[in-house]
Amino acid sequence: MKVPMLDLVVGAVMALAIVRGFFVGMIREGFSVAAIGAVVLGMLYGAQPAGLWLEQATAGEVGGQPAKWIGGLACGIAAGIAIGALGRYLRRGARIVGLGMADRVGGSAIGAAEGALIGTLLIVGATRAFGPQHPQVANAYSVAVMDELQFAIETGTMPQLPGLPNVASAPTEPRR
């Protein structure tokens, strides 16, 4: 069975994020996730006002949609840098204490969440770039998982992922 490249990339991102979280610890990993959120929020809420400012500052040379994109990108980068600087400042105290096993395990858990977030962005990006009918997208297990999770969220039911046993069900044969 050949594994689609998209599944390999998403799996590698997840594994790297978990290992990275283990080595950097919960505090640094938490700020890493916060920086991703700050970039997204900065782009989302800063695009309109920054685009208007850019249009006025350039006397209309850069306007319309490109001004919003450039303004949103600048706001997102600025927000990410601000969170990174705050994290760097607050990490000094954490270095004095050192990384214990609880901090490392917590970092791995937050790393798994960060990896899932980045994996989701990769899946959405690949689906948008190549289309849902492309063999690397259509045959990817990670896309099937995303579809099941989206359906579960929309309907409020538990997902039934293909190929995974239902461990909460009653045993089919009595134990001996």
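Heads up: take any position in the sequence shown, counting from 1, add 424, and you land on the working numbering. Here a beta-carbon is modelled for each residue, glycine too, at the ideal position from N, C-alpha and C.
Item                                                                                                                                                                                      : Value
Near M570, which residues of its chain fall below 6 Å by C-beta distance, leaving aside the five closest residues on each side in sequence?                                               : I547
What's the gap between the Cα of T544 and the Cα of A553?                                                                                                                                 : 14 Å
Determine the closest residue to A436 out of A459, A540, P559 and G580, with distance taken between C-alpha atoms.                                                                        : A540
Give the single residue among A502, G487 and F455 whose Cα lies nearest to the Cα of L468.                                                                                                : A502
Report, in whole angstroms, the separation of the C-beta atoms of F446 and G500, which I expect to be a contact under 8 Å.                                                                : Not quite, the Cβ-Cβ distance comes to about 28 Å (not below 8 Å), so this is no contact.
Please identify the residue among R512, V457, Q480 and A474 whose C-alpha is closest to the C-alpha of A498.                                                                              : A474
Once you ignore the five residues that flank Q560 on each side, which residues in its own chain have a CB closer than 8 Å to its CB?                                                      : P428, M429, L430, A550 and F554
So, at 8 Å on beta carbons, what are the nonlocal neighbours of W477 in its own chain, with the 5 sequence-adjacent residues on each side left out?                                       : G495
Within 10 Å of its beta-carbon, does K426 have 16 or more other beta-carbons around it, so buried, or fewer, so exposed?                                                                  : exposed
Only counting the same chain, and skipping five residues up and downstream in sequence, which positions put a Cβ closer than 8 Å to that of A458?                                         : I507 and G511
If contacts are defined as beta-carbon pairs under 8 Å, then V401 and G524 qualify, I think. What distance do you get, rounded to the angstrom?                                           : What is shown of the chain runs 425 to 600, which leaves residue 401 out entirely.
With 16 other CB atoms within 10 Å as the buried threshold, where does M613 fall?                                                                                                         : No statement about residue 613 is possible, as the shown extent of the chain runs from 425 to 600 and does not include it.
Measure the Cβ-Cβ separation of E453 and I534 and say whether it is below 9 Å.                                                                                                            : yes
Identify, in the order they occur along the chain, each residue of the same chain with its Cβ nearer than 6 Å to the Cβ of G466, setting aside the five sequence neighbours on each side. : C499, G500 and A503
Please identify the residue among A481, W493 and R444 whose C-alpha is closest to the C-alpha of G470.                                                                                    : W493
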